[in-house]
Amino acid sequence: MDGVGAPEIIMRNRVNGTFLSQNVGKPISIIGSILKMNPSNNGFDIQTTDNHVVSVSCKEMISECLDGLVEVRGIAEGKNSVTCDYYILFPRELASTFDTEKDNEAVMIVNSIPNAFKA
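FYI, the numbering for the sequence shown is 8 to 126, going by the working numbering.
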């Protein structure tokens, strides 16, 4: 279905810090807690569910103060960096109950199975 403003559907690998380097140049989704905003307001650092620090570079300036849990969707650029297509901040009530250990386990399982979602 095509429509004006319809988002493009892109298959993304769900990763944590451990699997980021195996997905360089590929579209990914990664969850983490925001550690700090870059002084130039064009990115931020997150701590992933497996405790890696990842630098996130945004294509546009960030106009809001970011805090809490975030899902970043973008392109893996290296072992510890992502170019962000867009991000989704978790509402505080969801972030406070989000189980990072279970999320990390799920990511580990999905990434241990080759082509987990292909027929």
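Glycine included, every Cβ here is placed at the ideal spot set by N, Cα and C.
Environment of residue i [buried if 16+ CB atoms lie within 10 Å]
i	result
D57	buried
P98	exposed
G32	exposed
T104	exposed
Whole-angstrom C-beta distance between residue j and residue i, which should lie under 8 angstroms
i	j	result
S88	S62	5 angstroms
K86	S28	4 angstroms
P34	I16	About 11 angstroms; that fails the 8 angstroms criterion.
Under the three-state DSSP convention, the category residue i falls into
i	result
G10	Unreliable positioning characterises G10 in this predicted model, as indicated by a pLDDT of 45, which lies under 50. A coordinate reading is not provided.
L101	helix
S70	coil
T56	coil
S119	helix
S88	strand
K109	helix
S2	The chain is shown from 8 up to 126; residue 2 falls before or after that span and cannot be answered.
Own chain residues within Cβ distance below 8 angstroms of residue i, not counting five before or after
i	result
N30	N20, V22 and A83
K43	F51 and D52
Close Cβ partners of residue i (< 6 angstroms) along its chain, the five nearest in sequence each way excluded
i	result
V77	I41, Y94 and L96
V114	R21 and N23
C65	N49, G50 and C91
F26	N118
G81	V89, T90, C91 and D92
Of the listed residues the options, nearest to residue i (C-alpha basis)
i	options	result
A38	S47, H59, P46 and N45	One detail in the question is off: residue 38 reads as Ile in this sequence, not Ala. Selected option, being the one with the closest Cα: H59.
Sequence-distant residues of its chain with Cβ nearer than 7 angstroms to residue i (five each side left out)
i	result
D110	I38 and T56
D74	I41
Q54	G39, S40, L42 and V60
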